[in-house]
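Right, one structure below, let's go through it.
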Amino acid sequence: MYRISNFQIFCILMILVGPIAYLEVPKRLAVLTFNSGWLAALLTIIPGILIIMMFNYIIRKSQNPFPLLLEEYLGKIGGKLLAGIYVIVFLFIVSFTLSVFVNFIITNVLPDIPVSVLIGSFLFLSYFIIKNGLENLARLSELIVFIGLPFSFGIVFLAASQTLDVKNLLPLARVSINHLGLAVFSASAVLGRLFPILTIAYFSNYRPKVANAAYWVLGFYIILIFSATVVTTLVYGSVASTLLTFPVFSVLRLIKIGEFLSNLDIFFIGIWIAGIIGTLTFFWFMACFTTQQIFNLKGYSFLAAPTSLIIAVVSLLISPNIVVLNIINETLVVLVYFFFLIMIPIILFILALFKPDQPIKSSSDSKGSSAIM
Amino acid sequence: MKNSLNIALIFVFLLTTGCQAVNVDDTTVPIGFGFEWEDTDEFKVTAQLAKPRQAGEGSESEAADEKSFIVVSKTGETLSMASRNLSLILPRLPLWTFASLLVIGENLAARDAALYSDVLARVPRIRTNIMVVVCQDTSPEKLLQIETPLEPLSAIGITKIIEIQKEQLGIYVPITIGEFISKLATPGLDPVVPIARTAKTGDKEQIKIEGTAIFSGAKMVGSFNERESRGYRWTIPKVQQGGLITIPDPTDAGKIVVLELIRTEAKSKPFIDGKGNISVNISIKAEGNFYEQHSGHELINLKGFTAMEKLAAQEIEKEVALAIKRSQELNSDIFGWGQLIYNKHPQVWHEIEADWYDYYPFVNSNIEVTFELRRSYLTNKTFKFR
Amino acid sequence: MRYIKGQKTNDSQPIPLDELVEQNLSSDLQENLASLDRLLEGCSDVVIKEFEFAKEPTIKAGLLYFDGLVQRSAIENHILKPLMLEIEKISPEFLSIYEAQDMLNSVQNRILSTVDLDTINTFDEVCHHISSGDTVLIIDGYTPALVADTRMWETRAMETPENEIVIFGPKEGFTETLRINTGALRRRIKSTNFKIEPFVIGKITKTDVVLCYINNIAPEGLVNEVRKRLNNIDIDAVLDTGYLKEFISDNTSTMFSEIEHTEKPDRVCGHLLEGRVCIMVDGSPMAIITPISFPQYLISSEDYYTHYVPASLFRILRAGALFISLLLPSIYVALITFHHEMIPTSLYLTILATRQGVPFPPFLEALMLEATFEMLREAGIRLPRAVGPAVSIVGALIIGDAAVRAGLVSTPMVVVVAFTGIASFVMPAYNAGIIIRISRFGFLFAGAILGFLGIMVALGLFLTRMVSLTSLGQPYMAPIAPFNRAQMTDILIRRPWFKSEKRPYVEGMDNQIRQNPPDKDDGGL
């Protein structure tokens, strides 16, 4: 069976967390904490470390990858039931991510393209990737990270070379504790997206160090949202950046290179697309994989076709307009992330605490991994 | 086989749904555009459209003394309506993203920023990193009709004039739509925008940048003259480079000396004393070079330099005081003092935010200027006739 | 005539040829020659010489070879002369011992003076050897026939390969003769670990194929796998290494080339020393190298002979050219169809002016020009030298000038296509460029339908396909995805030789040490 390296795990986790967070988190932080968003971004490191430690503990304590892991703790029926709910959650995440991004593209870049074409082409690409299997998904995510990460920082640096006003950060760190807490909460809820580590850790070729990959992701995530928040605040000031739909994108629109190249947003969006496709695909993969494990199916790739229809329909229905989308984004999504990707792992963690220690079996004989290839 | 079928299907699907591509031939490039409020209670949108020109054909059309742009304008109930109304007279699609200048008419500026700021912030086709000017004593339509020397497209010409005078003369500060909107949206900070006017030289009309439009809240309330505009420029917290300043000759009161600015930077600090008096300390640090003198007296020595530094500091202080005085008269917080108070004393700011404009005219300011002369270019002695 | 018992009954009915081939030679010369006559019927270039040698009694012998494949003087000097003239001088005692079975042995070991001498038993072998240019000597009364290597045919000298021109480094290229080629390799790698394993592939052509590798560097599993795949080939003919390519590749359905071609021995050696294997076929100057990953196509053998800084810069340039030749036309079409705002204003005004009156939409314009360019390129390969300049002038004038003047195409499009064309020649590997040339049209299509978005989706499909490929088990995008830090130092940048302590890793490789790290204290002044 194929093993993925820890670096590939880092890349997968990075594209799970990075792109959409980069687009949305600065806005949420700006709304909640005005010009102290950077503080919230920095503080996210504490819950971040706790979350990763928790995931790591569960991985070390359990013998099977994620959907089977539920059965390990909750019994066969309970586990399968919860895994079934997770399939729905994953599909919801895919649909929602898709509709957010499609809305983003339509409002900002390509207003003339019909939604169906966008959704269709994204889903087709994701479908093609899933058909090619986890191995190639891992390799592809490496490519995406190689291109995407430098560009994400490139945006920040280029934007920093534009008109900045350091005064915008003043008053320094003045924010009510409630708002700060909320901001940290919403920034760390995104880290729930690290959840698939519970599955892919079992494919790692060196499992004891899997957590390191997650810590690196956390580091990059903090740096990303910190720099993005700081730069948007510096460029637009706290008030204006709360008004903008996608502050980072608006910063991007200001970028001018050498008085000649400007309006490069479409180019950067092209790279964003790669990241978003990665995110979509991986959660979609998780949905298919979980379904496969629940019903003990032979493979997961054939599930991609029927689920694509569900995703397409849901993502069309979920976003009748931008207002509804924003409401879902600010409430339901945060709750879903928090409950399913953080709360349930916490429960698992507590269960794992009381579970007697067992020697880790070599994972080649575990059920889930053998089904991959 | 199955895969290729899939791919074929998706292509068919894409081809049939299609998306409206814009043919290049059907587009036109508005280099600059202007908003104005007409007396008929309508908005007027003016666009300066560049005529497509082959690279090699430049000389021919210049020989014909033809303008390389045309100006179209149309009115409508709102700005977006007016700009779309252009399509009633224009067989091309204007691509607003290419515009590099926005001219706001005086009437509209004096009316209400709410009338145009929303469009500017919301419509993705308008880039927010382009320059804004206000036109006075003329309308955007007339202004954009006039050619600038050498630069065939006058909208670009205006932006270049502003950019170049910033370094050479150092009077007006360029502002982009983004900065303009963000200043409008920020409490305790009002925007200033350079003013473009027309001037007659001989029988030919010319565009000229003169004065600065001062906004208070959402309205333009008045303007600065050249000296006040420079006074404003001294107070900008960001480092400014370039510019000239004239001072009286310390040895010969009738004559003047010109100093060139290397850089200037201002730091402002608000103070609130026990009685609730608000004052702002502005400390300006400037550096300059000795550039020109008329008298034959030796100025390039320690004594002369100290004297000139002192005079320059006085001059700067005078200009800043003028600007502050005028802004307080107009009740426009262009220096961002409200923002300063918010930054330093957020508590106080929350109490006074609502009626900040009642406090503003009575804010005391202490100006502190240090000017340092550095170099004297190619001669290090005064030119003497013998 | 003597008759062997079993054959008597078959005498009236000659045995079919394909059975005859399998049979062993008999000890009777006439019978053998008769059978060979049947086998070689219609082969006008065969020479069968019967002669006698020794005295009292004389021994009959037959000599067979194909004219045109042998060095006649070698036959005359080293086979006929010793046997017919010098026999007594060489072994005076010969007469007394000739009756023994040893006679053959003495002929083989003491009389014939050719170097490469062997014995063969079957007609099949006889035929195979003479068609390879050997000379077969059949002595009446003795069974294994002797075969002497007298190969010599007209061959091209080792010249500079026309398709892989380099400025620095060896200029030599392979020829069509396998032995010369292996010799060129052996001359460069003077190690007994350098193995050249022979194969004969092709049921009719019986082509010599060799598998070259360095024993303690190339991973065992890789060599075994290639060997297995070569042994499994059951084709009737192999005329070029290109035939074998498809049998050895992992993915036969893809147009991505998983195998590198080269005509340069130094390049082959470079790959062999990095643990790859090389296959060469007699009659083809092309060696194929496997496993190869796509990023390695950016490497020219020249890089290793020049300073590492310019070499690295050139590699980056090549990577840029790769993207340009893949994406530039599609990006241009996407820009002027969908994303006008990205074009700088002054440039847009120029494009606007040049496109006035062009009747075709940008996509069609690009497609036409690209197709024309490909046609010119294809024509250029096949043009006789004499008419070459004429066609290129017509191409340049028609496309470059007349079409623009007539308003059929716009100037920027011509510039874009020309630039793309030039960029596509930057890739050192011609066969890797083919997929780029073809995919360019796909991207063009995607860009014209969905703009940048379409290009990104197409790029996604393209990359997904690329990462899913393997070349003999090695991932096709190897050092990039899956990422390998050690190998990455020799992809986009060229590692300085003094820093290359390890070989780039090929999966399964044990022996990775290239040189011991230089002792730091040693050279201290």
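Keeping their order, the protein sequence lines are chains Y, L and A.
Going from the first sequence to the numbering used here is simple: count from 1 and add 27.
Under the numbering used here, the residue at position 256 of the second sequence is numbered 236, and the numbers go up by one with no gaps.
Going from the third sequence to the numbering used here is simple: count from 1 and add 175.
The beta-carbon is built from N, C-alpha and C at its ideal position, and this holds for glycine as well.
Bear in mind the structure is a predicted one, so any value in this text is a computation, not a measurement.
Listed by position along chain L, the residues whose Cβ is nearer than 9 Å to that of Leu251 of chain Y form an empty set, because the closest Cβ is around 23 Å away.
Counting only residues of its own chain and dropping the five nearest sequence neighbours on each side, Lys107 of chain Y has a CB closer than 7 Å to the CB of Glu98 and Ile321. Against chain Y, the beta carbon of Asn65 of chain L has no neighbour under 8 Å; the closest one sits roughly 20 Å away.
Distance from the Cα of Glu121 of chain L is smallest, within the candidate group L:Leu75, L:Ser196 and L:Gly14, for L:Gly14. The three-state reading of DSSP puts Met430 of chain A in coil, since its state is none of H, G, I, E or B. The alpha carbon of Thr639 of chain A has as its nearest neighbour, out of Y:Phe151, Y:Val275 and Y:Phe287, the alpha carbon of Y:Phe151. Residue range Leu282 to Leu310 is occupied by the alpha helix (DSSP H) that includes Val300 of chain L. Straight through space, the alpha carbons of Leu261 of chain Y and Phe273 of chain Y are spaced by roughly 15 Å. Distance from the CA of Gly417 of chain A to the CA of Ser335 of chain Y, rounded to the nearest whole angstrom, comes to 41 Å. Excluding residues up to 5 positions away in sequence, Glu299, Val300, Leu302 and Ala303 lie with their Cβ nearer than 6 Å to the Cβ of Gly211 of chain L in the same chain. Annotated three-state conformation of Trp672 of chain A is helix, per DSSP. If you draw a 10 Å sphere on the C-beta of Trp336 of chain L, you find 16 or more other C-beta atoms in it, and that means buried. When beta bridges are read from the DSSP output, Phe49 of chain L appears opposite L:Ala30. Here DSSP, grouped into helix, strand and coil, assigns Trp17 of chain L to strand. Identification of residues in the segment 359 to 383 of chain Y having a C-beta nearer than 7 Å to some C-beta of chain A yields an empty set. Closer than 8 Å to the CB of Thr357 of chain A there is not a single CB belonging to chain Y. Any Cβ of chain A closer than 8 Å to the Cβ of Ala255 of chain Y would place that residue at the interface, and such an atom is absent. Unbroken beta strand (DSSP E) stretches of 3 residues or longer found wholly inside the segment 251 to 312 of chain Y: none. For Glu99 of chain Y, there are no C-beta contacts with chain A under 8 Å, since the nearest C-beta of that chain is about 30 Å from it. Of all residues in the segment 151 to 174 of chain L, the ones placed with a Cβ closer than 8 Å to any Cβ belonging to chain Y are Thr156, Gly158, Glu159, Ile161, Ser162, Ala165, Thr166 and Pro167, in chain order. Counting every other CB atom within 10 Å of its CB across the protein chains shown gives Pro394 of chain A a total of 16 or more, marking it as buried. When 9 Å is used as the limit between beta carbons, Arg107 of chain L is near these residues of chain Y: Arg280, Leu281, Ser289 and Asn290, in chain order. Interface annotation, Asn323 of chain L: in contact with chain Y, CB-CB separation under 8 Å. For Ser475 of chain A, the three-state secondary structure derived from DSSP is coil. Among the residues facing chain A, Ser80 of chain L is included, as its CB has a counterpart in that chain under 8 Å away. Here the segment 177 to 188 of chain L makes no contact with the segment 217 to 224 of chain L; the two share fewer than three CB pairs at distances below 8 Å. Taking the C-beta atoms as reference points, Thr325 of chain A is found nearer than 8 Å to Thr289 of chain A. Around the beta carbon of Pro460 of chain A, a 10 Å sphere encloses 16 or more other beta carbons of the protein chains shown; the residue is thus reported as buried. Within chain A, the residues whose beta carbon sits less than 7 Å from that of Pro32 of chain L are Leu524, Leu527, Ala528 and Gln531, listed in sequence order. Within the same chain, Pro603 come within 6 Å of Ser475 of chain A by CB-CB distance, once the 5 residues on both sides are set aside. By the rule that beta-carbons nearer than 8 Å mark a contact, Val113 of chain L does not touch chain A. Taking 8 Å as the cut-off, the beta carbon of Ile506 of chain A is found no closer than this to the beta carbon of Gly635 of chain A. The C-beta of Ile511 of chain A comes closer than 8 Å to at least one C-beta of chain L.
Taking 8 Å as the threshold, the shortest C-beta distance from Pro536 of chain A to chain L falls below it. Of all residues in the segment 213 to 242 of chain Y, none is placed with a Cβ closer than 8 Å to any Cβ belonging to chain A.
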